[in-house]
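J.: In the working numbering, the protein residues as written are 220 to 763.
1) Return yes when the Cβ of residue 752 is within less than 8 Å of the Cβ of residue 707, no when it is not.
2) Could you give the residue range of the alpha helix (DSSP H) that holds residue 682?
3) Starting from the Cα of residue 659, find the closest Cα among 593, 440 and 468 and give me that residue.
4) Checking 8 Å against the spacing of the C-beta atoms, do residue 445 and residue 497 come in under that value?
5) Name, in chain order, the residues that DSSP records as bridge partners for residue 694.
6) Write down every uninterrupted run of the alpha helix (DSSP H) in the region 448–483 whose length is 4 residues or greater and which is fully enclosed by it, in chain order.
7) Please report how far the alpha carbon of residue 763 lies from the alpha carbon of residue 698, in whole angstroms.
8) Leaving out the 5 sequence neighbours to the left and right, which residues in its chain are closer than 8 Å to residue 661 when beta-carbon positions are compared?
9) Buried or exposed: which applies to residue 383, given that a residue is buried once 16 or more other Cβ atoms fall within 10 Å of its Cβ?
10) Is the number of C-beta pairs between the region 420–435 and the region 614–625 that are closer than 8 Å three or more?
11) Got a sec, what are the start and stop residues for the alpha helix (DSSP H) residue 419 sits in?
12) With a CB to CB cut of under 6 Å and the five nearest residues on each side skipped, what residues in its chain are close to residue 467?
13) Using CA coordinates, which residue listed in 727, 286 and 720 is at the minimum distance from residue 324?
14) DSSP on residue 300, reduced to helix/strand/coil?
15) Taking 8 Å as the cut-off, does the region 479–493 touch the region 672–692 (at least 3 CB pairs, one atom from each stretch)?
16) For my contact list, residue 559 and residue 591 are in at a C-beta cut-off of 8 Å; report their separation, rounded to the angstrom.
17) When burial is assigned at 16 or more other CB atoms within 10 Å of the CB, is residue 607 buried or exposed?
18) Select from 520, 701 and 527 the residue whose C-alpha is nearest the C-alpha of residue 479.
19) In the DSSP assignment, the alpha helix (DSSP H) including residue 599 goes from what residue to what residue?
20) Could I get the ranges of all uninterrupted alpha helix (DSSP H) runs contained in the region 500–525, with 4 residues as the minimum, in chain order?
21) Select from 531, 537 and 282 the residue whose C-alpha is nearest the C-alpha of residue 376.
22) In the DSSP assignment, find the unbroken alpha helix (DSSP H) run with residue 655 in it and report its ends.
23) From residue 529 to residue 554, what distance separates their C-alpha atoms?
24) Residue 689 bridges to which residues according to DSSP?
25) Just confirm the distance between the C-beta atoms of residue 738 and residue 434, as a whole number of angstroms; I'd bet it's less than 8 Å.
26) Taking only runs that begin and end inside the region 549–615, name each unbroken alpha helix (DSSP H) of 4 or more residues, in chain order.
27) Three-state secondary structure (DSSP) at residue 279?
28) Roughly how many angstroms separate the alpha carbons of residue 761 and residue 568, rounded to a whole number?
29) Grab the span of the alpha helix (DSSP H) containing residue 246 for me, first residue to last.
30) Terminal residues of the continuous beta strand (DSSP E) containing residue 293?
And the structure:
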């Protein structure tokens, strides 16, 4: 096992539940007493005292399963926290708070916290620890991908009984309707981030890469399925988007691949719009049937249009299995999946708890090269009875859309991702949605939310993830932070959050010796840099 000296190489360690079983508690205590910082994810009960907690030794009421937590927004680390009530999927230990500083408390029902700590902070010698009473990693994965048992290959196929194998089956019994517009997995990640920043505040300021280019507060991703679309509908949709500088993504069925002019599609790609396949499969297919049809249309798409697609949405959002579909998509180079739709009994919201692209994992824990950008709402989910909810009027649809956008730009900093069938934008479908799309894109402009295509968003996401912050050094006496930015890929508009130090905020930013302009992003001082492939630049932050 690791010793205190091994741990001492790091200013902060995050200890998973599995790792905690392989560590001696006394080694962790010695590391902390020497000034270390640790975040422990549902460690053994004997570790509770690291944060001043006391485990409940009784056999009853010692574990909360599938409960809630309530965040303490009066805690110094959690000011302006985006959401106070969150669902906890999985199990959490009920620990008495004692003398600990609770960051969040367990709750059996939303908004009704108990005295038991969900997250707690305590000092140990010269160091400090934060203990999570639950496994935050497991909880986030359950938010992202739901339960294996609910998959079409699990114990309860078509768990919500809507007659289809769709992603919302995976979350049957897991969703709180009142929290449908809260990207809970993102907020849980923010809670972990706040713990990291709080523990290291007196060690060194930690810079962070922002989610969006050019310091944008959020983003809009507009796309639509080709169902019954004619070329005129495609052009009408492009016209609405281009009035606002937005790029649309069209998901094409066999009919469009057969009948549309490939040259026109290539020209629209040159103007920033994107295209992907929209496979039609049986409503309750086997994994093999599904895989075969997706492979067939993807091959046909590439052969007819002359380029390989990277994004996809399934017709009727059919996705069998749990990890089988994303493994297939990754193998086919389809790296951005968009079929996670809140839909049935919810109409709108974040099915996978995220307003950001989330990578799938498989059953072994391997992270796949396939991202889910969940769809926030669809034109047909709002104005038909297919969701088992009342039909919304055009004005109601616009109002709901704009409200979600404002919360994403001002609070959660995520992606608003609606789909609009082009046949409806063009006025040839069951509803007319050109005004709705126009209002969404107008609001995006007012809020400073860019509207790239799915392909552009995937490219930025991948490139941003390739950026590395290395060689951090903090001169506390001079109040100067230095680090290197490195990337193997080009990133335009990379935004870095420049953290405050204990005595003040960043005053000057230098990149390779030249002063860089600073701005404000989500309440933080930030700066923007364009990164070239294979580049390395030296950054210096000087504090007031």
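For each residue, glycine too, the CB sits at the ideal point set by N, CA and C. These numbers come from a predicted model, not from an experiment.
T.: According to the data block:
1) yes
2) 673–685
3) 440
4) The Cβ atoms of residue 445 and residue 497 sit closer than 8 Å to each other.
5) 699
6) 450–461 and 473–478
7) Using only the alpha carbons, I get a separation of about 8 Å.
8) 463
9) buried
10) Verdict: no, contact absent.
11) 403–419
12) 441, 456, 460 and 492
13) Cα-wise, what sits closest to residue 324 is 286.
14) coil
15) Yes: the two stretches touch, three or more of their Cβ pairs being nearer than 8 Å.
16) 5 Å
17) exposed
18) In terms of CA proximity to residue 479, 520 leads the group 520, 701 and 527.
19) 598–602
20) 506–524
21) 537
22) 653–666
23) 5 Å
24) 703
25) 5 Å
26) Secondary structure remark: continuous alpha helix (DSSP H) runs of at least 4 residues inside the region 549–615, in chain order: 598–602.
27) coil
28) 41 Å
29) 244–252
30) Element bounds for residue 293: n/a, residue is neither H nor E.
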